[in-house]
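Okay, structure first, notes after.
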Ligand code: FES
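Residue numbers (the working numbering): 21 to 110.
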């Protein structure tokens, strides 16, 4: 969890990339990292900010909400739970 500092979002690469964020201390959230515009993988910016490299949509990594189009829908929420020092996503 040290890799997801409070107030930040990170993108976990893999066959199905995820965004994991810790908006407030100890509260973790996760989202599908596929942009809701055309499915490109979003990239983490400063803090909780996420940006899609394809057409510039921006999302709030703490809520998944769209902050700038062309995407119109929020990122899909994914369950995340804490298992000791590990975070289990999906
Ligand atoms: S695919 Fe993300 S902005 Fe178009």
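Just so it is clear, CB atoms sit at the ideal spot from N, CA and C, and this is done for glycine as well.
Using only CA atoms, which one of the options lies nearest to residue i?
{"i": "residue 83", "options": "94, 73 and 77", "result": "94"}
{"i": "residue 64", "options": "105, 92 and 32", "result": "32"}
{"i": "residue 68", "options": "85, 107, 74 and 90", "result": "85"}
Do you know offhand how far residue i's Cα is from residue j's?
{"i": "residue 78", "j": "residue 45", "result": "23 Å"}
{"i": "residue 56", "j": "residue 109", "result": "19 Å"}
{"i": "residue 58", "j": "residue 97", "result": "17 Å"}
{"i": "residue 60", "j": "residue 27", "result": "24 Å"}
{"i": "residue 51", "j": "residue 36", "result": "11 Å"}
{"i": "residue 76", "j": "residue 48", "result": "25 Å"}
Tell me the DSSP bridge mates of residue i?
{"i": "residue 48", "result": "Residue 48 pairs with nothing; no bridge assigned."}
{"i": "residue 88", "result": "78"}
{"i": "residue 106", "result": "103"}
{"i": "residue 64", "result": "70"}
Applying the criterion that 16 or more other CB atoms from any shown protein chain within 10 Å of the CB defines a buried residue, is residue i buried or exposed?
{"i": "residue 81", "result": "buried"}
{"i": "residue 29", "result": "buried"}
{"i": "residue 41", "result": "buried"}
{"i": "residue 53", "result": "buried"}
{"i": "residue 91", "result": "buried"}
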